[in-house]
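Visitor: Count along the sequence shown starting at 1, add 3, and that's the number in my numbering. Don't be surprised by glycine CBs; every beta carbon is placed ideally from N, CA and C. Sharing a structure with you now.
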Amino acid sequence: MISDTYHDELGPEKILEVYDARTGMHGFVVIDNTALGPGKGGIRMTSTVSKEEVFKLARAMTYKCSLAGLPFGGAKSGIIANPKEITPEHKKAIVKAFAKALKPVSPSLYVAAPDIYMAGEEMRIYANTNGSMKSCTGKPADMGGIPHELGSTGFGVYHATLVAVKHLGLDIKNLKFAVEGFGNVGWFAAKYLTEAGAKLVGVSDSQGTLCNPKGIVFDKLAKVKKEQRTVVKYTEGKVCSVLKGEEIVGVDADILITAAIPDLVTDANKHSIKAKIVVQGSNIPMSPEVEEYLHKKGILVIPDFVANAGGVISSYVEYIGGNEKDMFKMVKEKIVKNTTEVLKRAKKKKIKPRDAALEVALERIKKAMDKKK
Numbered sequence: 004m005i006s007d008t009y010h011d012e013l014g015p016e017k018i019l020e021v022y023d024a025r026t027g028m029h030g031f032v033v034i035d036n037t038a039l040g041p042g043k044g045g046i047r048m049t050s051t052v053s054k055e056e057v058f059k060l061a062r063a064m065t066y067k068c069s070l071a072g073l074p075f076g077g078a079k080s081g082i083i084a085n086p087k088e089i090t091p092e093h094k095k096a097i098v099k100a101f102a103k104a105l106k107p108v109s110p111s112l113y114v115a116a117p118d119i120y121m122a123g124e125e126m127r128i129y130a131n132t133n134g135s136m137k138s139c140t141g142k143p144a145d146m147g148g149i150p151h152e153l154g155s156t157g158f159g160v161y162h163a164t165l166v167a168v169k170h171l172g173l174d175i176k177n178l179k180f181a182v183e184g185f186g187n188v189g190w191f192a193a194k195y196l197t198e199a200g201a202k203l204v205g206v207s208d209s210q211g212t213l214c215n216p217k218g219i220v221f222d223k224l225a226k227v228k229k230e231q232r233t234v235v236k237y238t239e240g241k242v243c244s245v246l247k248g249e250e251i252v253g254v255d256a257d258i259l260i261t262a263a264i265p266d267l268v269t270d271a272n273k274h275s276i277k278a279k280i281v282v283q284g285s286n287i288p289m290s291p292e293v294e295e296y297l298h299k300k301g302i303l304v305i306p307d308f309v310a311n312a313g314g315v316i317s318s319y320v321e322y323i324g325g326n327e328k329d330m331f332k333m334v335k336e337k338i339v340k341n342t343t344e345v346l347k348r349a350k351k352k353k354i355k356p357r358d359a360a361l362e363v364a365l366e367r368i369k370k371a372m373d374k375k376k
């Protein structure tokens with residue numbers, strides 16, 4: 004159970020644990036704070052998911068939604084099951100049982116979304132079982148969903164990067180960048196940055212890191228990744244080198260974009276960073292201590308819940324019945340506005356961008372909480 008140390012003035016407001024004997028479903032939802040609106044957050048299905056883990060993620064969503072300027076609070080849920088060890092039919096039955104059990108709080112206090120081992124088809128089951136299309140986002144397109152494949156998060160990371168570049172008085176056309184991860188987020192961030200004139204010199208995936216100081220051709224890389232399922236099969240003369248995955252951190256680039264695993268930058272490799280700007284497209288790519296170290300070194304770090312809010316902004320557009328065009332417009336507007344506000348505050352107060360972002364998010368939440376009193 005979550006200990007008392009996990010409670011503060013913000014929340015969590017509700018922790019609901021649910022069981023279903025027939026399907027063996029066991030899960031929980033942590034609704035952290037609903038001052039700004041219903042708690043928003045994905046459902047993850049793993050064999051090890053815990054209330055502690057879900058609470059931390061719910062709190063991150065509270066901050067992320069507030070900073071993004073959305074009428075959502077923060078929440079998250081988990082289903083304890085190993086998707087690799089159950090049949091697709093059993094998985095569907097578990098999702099259905101979970102959706103049914105959460106009806107008293109969803110969509111009134113909780114709006115679900117896909118997360119680990121949960122995707123569009125699971126959201127179809129969730130929404131149909133719940134009876135409200137507003138009970139979750141990330142639904143298939145035929146249910147009004149805005150597909151993740153459109154790259155809302157990567158598009159937002161790209162715009163956060165442009166704001167950071169402008170903040171330092173640099174020109175994107177003169178800069179080199181490296182991307183950790185070439186999944187949905189990394190792929191789109193790399194695509195848009197390349198189109199803006201920046202040079203891609205490093206990219207990694209689970210197989211390793213591809214490095215080419217002369218530049219990697221994005222379209223060719225995308226083709227290689229699609230056909231051979233890894234970036235390391237890309238070849239361009241003798242200048243390409245393949246390194247270990249985590250060595251992406253030390254690639255000689257002006258900008259490093261994290262877009263895959265947590266704890267990528269550690270005490271062991273933090274000294275190797277050559278980038279002037281680190282944009283956290285992934286969640287928690289480094290500890291607070293490592294982020295503090297980079298800040299003191301003069302490296303501009305754009306925090307995860309500022310840079311990667313494109314996904315939740317896209318969810319909101321789906322929630323209000325918007326389309327693809329509305330999504331791209333809102334992601335750009337909100338990411339640019341919020342990243343600019345955070346960097347201005349950080350510069351003025353001589354604090355880390357993360358501290359400035361938390362201040363902005365907390366001010367908005369507390370203002371909403373005061374109004375509710």
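#1: So what does DSSP say about Gly141, is it helix, strand or coil?
#2: Could you give the residue range of the alpha helix (DSSP H) that holds Lys340?
#3: Mind checking whether Gly76 and Gly45 have CB atoms under 9 Å apart?
#4: Can you list, in chain order, the residues of its chain whose CB lies under 7 Å from that of Arg62, leaving out five sequence neighbours each side?
#5: So what does DSSP say about Arg47, is it helix, strand or coil?
#6: What are the start and end residues of each continuous beta strand (DSSP E) run of 3 or more residues lying completely inside the stretch 67 to 136, in chain order?
#7: Give the DSSP-derived three-state secondary structure of Gln283 in the structure shown.
#8: Assign Lys228 to buried or exposed, taking buried as 16 or more other Cβ atoms, counted over all protein chains shown, within 10 Å of its Cβ.
#9: Assign Gly30 to one of three DSSP states: helix, strand, or coil.
#10: Is Lys106 near Val315, with beta carbons less than 9 Å apart?
#11: Within the same chain, show all residues whose beta-carbon is closer than 7 Å to that of Gly218, passing over the 5 residues directly before and after it, in chain order.
#12: Would the beta-carbon of Phe308 fall within 9 Å of that of Ile258?
#13: Along the chain, where does the beta strand (DSSP E) that runs through Asp23 open and close?
#14: So, is Tyr22 buried or exposed, given that buried needs 16 or more other C-beta atoms within 10 angstroms?
#15: Can you list the beta strand (DSSP E) stretches of 3 or more residues lying completely in the stretch 244 to 276, in chain order?
#16: Residues in the same chain with beta-carbon distance under 7 Å from Val320, minus the five sequence neighbours each way, listed in chain order, please.
#17: Would you kindly work out how many angstroms separate the C-alpha atoms of Thr140 and Leu178, rounded to a whole number?
#18: Taking its Cβ as the centre, do 16 or more other Cβ atoms sit within 10 Å of His162, making it buried, or is it exposed?
#19: Would Ala192 and Ile260 qualify as a contact pair, given that the criterion is a beta-carbon distance under 9 Å?
#20: Output needed for Ala349: all residues of its chain with C-beta closer than 6 Å, excluding positions within five of it in sequence on either side, in chain order.
#21: Could you compute how far the alpha carbon of Thr8 sits from the alpha carbon of Val33?
#22: For the putative contact between Leu267 and Glu183, defined by C-beta atoms under 8 Å, what is the C-beta separation to the nearest angstrom?
#23: Give the straight-line distance between the Cα atoms of Glu362 and Tyr66, rounded to the nearest whole angstrom.
#24: Give every residue of the same chain whose Cβ lies closer than 7 Å to the Cβ of Thr37, excluding the five residues on either side of it in the sequence, and list them in chain order.
#25: From the DSSP output, in three-state form, read off Ala163 for me.
#26: Got a sec? Which residues, its chain only, sit under 6 Å from Ala377 by beta carbon, not counting five neighbours each side?
#27: For Lys337 versus Ala71, is the C-beta distance shorter than 9 Å?
#28: When you compare only the Cα positions, how much space is there between Gly159 and His151?
#29: Output needed for Ser138: all residues of its chain with C-beta closer than 6 Å, excluding positions within five of it in sequence on either side, in chain order.
#30: Rounded to whole angstroms, what is the Cα-Cα separation between Lys194 and Gly200?
Guide: Result, derived from the coordinates:
#1: coil
#2: Glu327 to Lys352
#3: no
#4: Asp35 and Gly77
#5: strand
#6: 76 to 83
#7: strand
#8: buried
#9: strand
#10: no
#11: Lys202, Leu203 and Val204
#12: no
#13: Lys17 to Asp23
#14: exposed
#15: 244 to 246 and 258 to 261
#16: Ile149, Asp329, Met330 and Met333
#17: 36 Å
#18: buried
#19: yes
#20: Pro356 and Ala359
#21: Note on Thr8: pLDDT 48, under 50, position unreliable in the model; no value is reported.
#22: 6 Å
#23: 10 Å
#24: Glu16, Gly76 and Leu112
#25: helix
#26: An answer regarding residue 377 cannot be provided, because it is not within the stretch 4 to 376 covered by the chain.
#27: yes
#28: 13 Å
#29: Ser109, Pro110 and Ala130
#30: 10 Å
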